[in-house]
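Going down the list, the sequences are from chains A and B. For what it's worth, UniProt numbering labels the leading residue of the first sequence as 1, then goes sequentially. For what it's worth, UniProt numbering labels the leading residue of the second sequence as 1, then goes sequentially. For glycine and all other residues, C-beta sits at the position ideal for the given N, C-alpha and C. Scroll down for the structure; my scribbles are underneath it.
Protein chains: 2
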Amino acid sequence: MLHKFRIVLVNTSHPGNIGGAARAMKTMGLSRLVLVQPEIFPSEIADARASGATDLLQSAQVVNSLDEALVGCQLVLGTSARERHIPWPLLEPRAAAERCGACTQQGGEVALVFGREHAGLTNEELQRCHIHIHIPSDPNFASLNLAAAVQVLAYELRLVALSAEKDSVAPVHTPDPDTQPVTADELEQFYQHLEQTLIDIRFLDPERPRHLMARLRRLYGRADIERLEMNILRGILTETRKIARQSIT
Amino acid sequence: MLHKFRIVLVNTSHPGNIGGAARAMKTMGLSRLVLVQPEIFPSEIADARASGATDLLQSAQVVNSLDEALVGCQLVLGTSARERHIPWPLLEPRAAAERCGACTQQGGEVALVFGREHAGLTNEELQRCHIHIHIPSDPNFASLNLAAAVQVLAYELRLVALSAEKDSVAPVHTPDPDTQPVTADELEQFYQHLEQTLIDIRFLDPERPRHLMARLRRLYGRADIERLEMNILRGILTETRKIARQSIT
């Protein structure tokens with residue numbers, strides 16, 4: 001199960017934290033590290049902090065955007081220290097890890113996304129996540145070191161994986177493609193299609209978007225949309241846009 | 001409860017790890033740090049890694065022996081990476097934290113003891129501990145960073161403390177009407193509105209409905225739609241029907 005998890009670090013400033021995260025991952029049996037625009041990488045400082053986990057740094061994937069980092073993922077979770085305007089599905093690490101385990105047991109891939117050392121993830125990045133994770137830190141001093149946050153989550157993922165192993169009297173299970181959850185990139189395409197449609201029917205004013213798309217992302221992100229359902233939703237949007245083009249404006 | 005726990009670091013080599021441990025403690029609401037013969041302390045490197053938790057370093061108690069560090073404790077737990085010759089009560093972090101919580105609720109004080117970066121605790125030191133804790137790391141790469149190990153244990157202690165708090169205080173909770181789930185009849189009205197709209201845009205043929213509405217009910221039924229979200233969805237349907245009426249057929 002553990003190879004289905006990837007750890008995504010966005011825009012990390014300090015290479016020491018990348019090394020520390022790699023070490024934290026390897027102690028918990030995780031191996032897939034994705035770095036979105038790290039400020040300094042590769043780096044001797046990262047290698048030193050990784051101490052026997054430099055192999056994870058060597059095989060780390062370095063990409064230019066969060067989108068690239070998430071290709072192929074069914075479930076995306078983002079860590080968040082702050083309270084947000086728009087309430088979002090928010091889980092503590094333990095419940096989040098259970099959710100991750102359930103997803104991988106259905107064959108899905110999961111990304112855990114960690115933001116910048118000081119600023120965390122942007123609102124836009126957080127909205128790409130289906131679920132936010134909050135490590136229940138002391139409100140008076142909530143700033144976990146990045147590698148420490150990775151350690152806590154990796155630890156919870158490992159516990160879930162170990163417990164699943166223990167339970168596994170392997171069910172023979174051929175997944176039905178129609179009922180497979182869609183991937184994060186398919187979901188993203190749907191949101192773009194939805195947004196364009198709402199503009200076409202003049203429900204969404206691009207000049208004054210308010211939080212409309214964020215709220216819809218939150219709703220649909222919660223629903224674990226399956227492939228066949230996605231086809232239906234996309235079909236409705238296509239028909240709606242067709243009708244909108246024919247309308248007398 | 002958290003002030004009853006002390007973290008004891010024995011013979012730490014790298015001052016950065018002392019700083020990292022202080023930061024890990026403070027994020028989880030722990031404050032009492034005891035250092036047994038640290039190699040280098042105080043240190044600017046420790047201060048830098050503590051970032052914001054230097055108060056814990058300033059109030060840290062520096063002592064010459066493990067005995068001194070444990071004065072006043074009812075329960076002593078020691079972290080251990082290796083399998084030992086002598087079988088000893090061994091718990092994983094979660095069970096260990098519960099045991100710690102139970103002890104403090106009876107008024108006891110608890111010490112968690114962490115050994116040297118490379119060599120851990122000596123057999124003699126481990127025998128001073130009532131219970132050994134093993135973080136379930138990958139047997140192929142078991143070497144957690146010292147501060148990372150402190151983070152995992154401090155996190156588990158905090159969860160136990162928060163859960164004890166929750167049990168003792170009734171939550172005062174005023175629900176936000178916007179985030180209340182909709183009622184079954186509101187959901188039913190939505191489905192009728194949706195069905196009518198799909199007919200209007202000619203996506204749904206009432207003569208050949210197939211299982212379209214059933215599938216959509218299943219999808220939206222899963223999403224636990226909140227009131228504000230429902231208002232948005234109904235708004236979209238209303239606009240879509242308006243556009244459909246204006247369209248050239």
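Beta-carbon neighbours of A:LEU228, restricted to chain B and to distances below 9 Å:
Locating residue 228 of chain A in the first sequence gives position 228, counting from the first residue. Neighbours of A:LEU228 on chain B, chain order: ARG215.
Which partner residues does A:THR197 have in the DSSP bridge list?
For the purposes of this step, residue 197 of chain A is identified with residue 197 of the first sequence, where counting begins at 1. Partner(s): none; A:THR197 has no beta bridge.
CA-to-CA distance, B:GLY19 to B:ALA48, given in whole angstroms
By 1-based counting over the second sequence, the position of residue 48 of chain B is 48. By 1-based counting over the second sequence, the position of residue 19 of chain B is 19. Using only the alpha carbons, I get a separation of about 7 Å.
Alpha-carbon spacing of B:PHE41 relative to B:GLN58, whole angstroms:
Position 41 of the second sequence, counted from the first residue, corresponds to residue 41 of chain B. Position 58 of the second sequence, counted from the first residue, corresponds to residue 58 of chain B. In a straight line, the C-alpha of B:PHE41 is about 10 Å away from that of B:GLN58.
Answer with yes or no whether the minimum CB distance from B:ASN123 to chain A is below 7 Å.
Here residue 123 of chain B refers to the residue found at position 123 when the second sequence is read from its first residue. No - not a single Cβ of chain A is within 7 Å of the one on B:ASN123.
Local conformation of A:GLY72 per DSSP, three classes
As a first step, residue 72 of chain A must be located in the first sequence, where it is residue number 72. Reduced to three states, the DSSP call for A:GLY72 is coil.
For A:SER65, does the count of other Cβ atoms within 10 angstroms reach 16, so buried, or fall short, so exposed?
The count along the first sequence starts at 1 and reaches residue 65 of chain A at position 65. A:SER65 sits exposed, since fewer than 16 C-beta atoms from the chains shown fall within 10 Å of its C-beta.
Proximal residues, the segment 2-29 of chain B versus chain A, C-beta separation under 7 Å:
GLY20, ARG23, ALA24, LYS26, THR27, MET28, GLY29
Contact set for A:VAL150: own chain, Cβ-Cβ below 7 Å, skip 5 residues either direction:
Here residue 150 of chain A refers to the residue found at position 150 when the first sequence is read from its first residue. ILE7, ALA21, ALA24, MET25, PHE114, listed in sequence order.
DSSP three-state assignment for A:ILE7, whether helix, strand or coil
As a first step, residue 7 of chain A must be located in the first sequence, where it is residue number 7. If DSSP states are grouped into helix, strand and coil, A:ILE7 belongs with the strands.
For A:GLY52, go through chain B and note every residue whose CB falls closer than 9 Å to its CB, in chain order.
As a position in the first sequence, residue 52 of chain A is number 52, starting the count at 1. Here the neighbours are PHE141, SER143.
Which residues mark the beginning and the end of the beta strand (DSSP E) in which B:LEU33 is found?
As a working mapping, residue 33 of chain B is identified with position 33 in the second sequence. It spans 32-36 - the beta strand (DSSP E) in which B:LEU33 sits, taken as one unbroken run.
Applying a beta-carbon distance threshold of less than 7 Å, which residues of chain B neighbour A:THR240?
In the first sequence, residue 240 of chain A corresponds to position 240, counting from 1. Those within 7 Å of A:THR240 in chain B are ILE201, THR240.
Determine the burial state of B:ASP200: buried for a count of at least 16 other Cβ atoms within 10 Å of its Cβ, exposed for fewer.
Position 200 of the second sequence, counted from the first residue, corresponds to residue 200 of chain B. The residue is buried, with at least 16 neighbouring Cβ atoms inside 10 Å.
Name the DSSP bridge partner or partners of B:SER168?
Taking the first residue of the second sequence as position 1, residue 168 of chain B is located at position 168. Bridge partners of B:SER168 according to DSSP: none are assigned.
Beta-carbon within less than 8 Å of A:PRO175's beta-carbon, same chain only, minus the 5 sequence neighbours each way: which residues are those?
Here residue 175 of chain A is taken as the residue at index 175 of the first sequence, counted from 1. So the qualifying residues of the chain are GLN106, GLY107.
Can you say whether B:HIS211 is buried or exposed, counting buried as having 16 or more other CB atoms within 10 angstroms of its CB?
Position 211 of the second sequence, counted from the start, is the residue given in the question as residue 211 of chain B. B:HIS211 is classed as exposed because its beta carbon has fewer than 16 other beta carbons within 10 Å across all chains shown.
Can a CB atom of chain B be found closer than 7 Å to the CB of A:TYR191?
For the purposes of this step, residue 191 of chain A is identified with residue 191 of the first sequence, where counting begins at 1. So no, A:TYR191 is outside the interface.
Here's a check: name, in chain order, each residue in its chain whose Cβ is nearer than 6 Å to the Cβ of A:ALA244, leaving out the five neighbours to either side.
The residue labelled residue 244 of chain A in the question sits at position 244 within the first sequence. Correct list, in chain order: ASP200, ILE201.
Do A:MET28 and A:GLU164 have their beta-carbon atoms positioned less than 7 Å apart in this structure?
Along the first sequence, one-based indexing puts residue 164 of chain A at 164. Along the first sequence, one-based indexing puts residue 28 of chain A at 28. Reading the sequence as shown, one finds Ala at residue 164 of chain A and not Glu. For A:ALA164 and A:MET28, no; Cβs fall outside 7 Å.
Taking only beta-carbon atoms, is A:ASP138 less than 7 Å away from chain B?
Numbered from its first residue, the first sequence carries residue 138 of chain A at position 138. Chain B contact via Cβ: present.
Would you list, in sequence order, the uninterrupted beta strand (DSSP E) runs of no fewer than 3 residues that lie entirely inside the segment 105-139 of chain A?
110-114, 131-133
Opposite residue 255 of chain A in the DSSP bridges: which residues?
With chain A running from 1 to 249 in the structure shown, residue 255 of chain A is simply not present.
Nearest chain B C-beta to A:ARG222 closer than 7 Å, yes or no?
By 1-based counting over the first sequence, the position of residue 222 of chain A is 222. Yes, A:ARG222 counts as interfacial toward chain B.
Between B:LEU56 and B:LEU35, which are expected to be in contact by the criterion C-beta below 8 Å, what is the C-beta distance as a whole number of angstroms?
Position 56 of the second sequence, counted from the start, is the residue given in the question as residue 56 of chain B. Position 35 of the second sequence, counted from the start, is the residue given in the question as residue 35 of chain B. Between B:LEU35 and B:LEU56 the Cβ distance is about 11 Å, and since that is not below 8 Å, they are no contact.
Cβ-based neighbour list, B:ALA125, same chain, cut-off 8 Å, excluding 5 preceding and 5 following:
Taking the first residue of the second sequence as 1, we reach residue 125 of chain B at position 125. A small fix is needed here, since residue 125 of chain B is Glu in this sequence, not Ala. Hits under 8 Å: VAL10, LEU66, GLY78, VAL113, GLY115.
By DSSP, does A:SER43 sit in helix, in strand, or in coil?
Working through the first sequence from its first residue, we reach residue 43 of chain A at position 43. A:SER43 falls in the coil class under three-state DSSP.
Inspect the beta-carbon positions of B:SER51 and B:PRO15 and report whether they are closer than 7 Å.
Taking the first residue of the second sequence as position 1, residue 51 of chain B is located at position 51. Taking the first residue of the second sequence as position 1, residue 15 of chain B is located at position 15. It is not a contact, given that the beta carbons lie outside the stated cut-off.
Report all residues from its chain with a CB closer than 6 Å to the CB of B:GLN61; omit the five preceding and five following residues, and keep chain order.
Start at 1 with the first residue of the second sequence, and residue 61 of chain B comes out as number 61. VAL34, listed in sequence order.
Option in A:ILE131, A:ASN17, A:HIS118, A:LEU194 with minimal Cα separation from A:ILE231:
The residue labelled residue 231 of chain A in the question sits at position 231 within the first sequence. It is Asn, not Ile, that sits at residue 231 of chain A in the sequence shown. When only C-alpha atoms are compared, the closest one is A:LEU194.
So what's A:THR27 in DSSP terms, helix, strand or just coil?
Taking the first residue of the first sequence as 1, we reach residue 27 of chain A at position 27. DSSP places A:THR27 in helix when its eight states are reduced to three.
Whose C-beta lies closer than 8 Å to the C-beta of B:ARG241 among residues of the same chain, with five residues either side of it excluded?
Taking the second sequence and counting its residues from 1, one reaches residue 241 of chain B at position 241. Cβ within range, chain order: GLN196, THR197, ASP200.
Could you tell me which chain B residues have their CB closer than 9 Å to the CB of A:LEU212, listed as they occur along the chain?
In the first sequence, the residue the question calls residue 212 of chain A occupies position 212. By Cβ distance, chain B contributes ILE232.
Within a Cβ cutoff of 6 Å, which residues of the same chain sit near B:ILE225, ignoring the five residues on either side of it in sequence?
The count along the second sequence starts at 1 and reaches residue 225 of chain B at position 225. Answer for B:ILE225: VAL182, listed in chain order.
For B:GLU186, is the classification buried or exposed, using 16 other Cβ atoms within 10 angstroms of its Cβ as the cut-off for buried?
Here the question's residue 186 of chain B lines up with position 186 in the second sequence. Per the 10 Å Cβ criterion, exposed.
B:LEU90 - partner residues in DSSP beta bridges
Start at 1 with the first residue of the second sequence, and residue 90 of chain B comes out as number 90. Its beta-bridge partners are B:HIS132.
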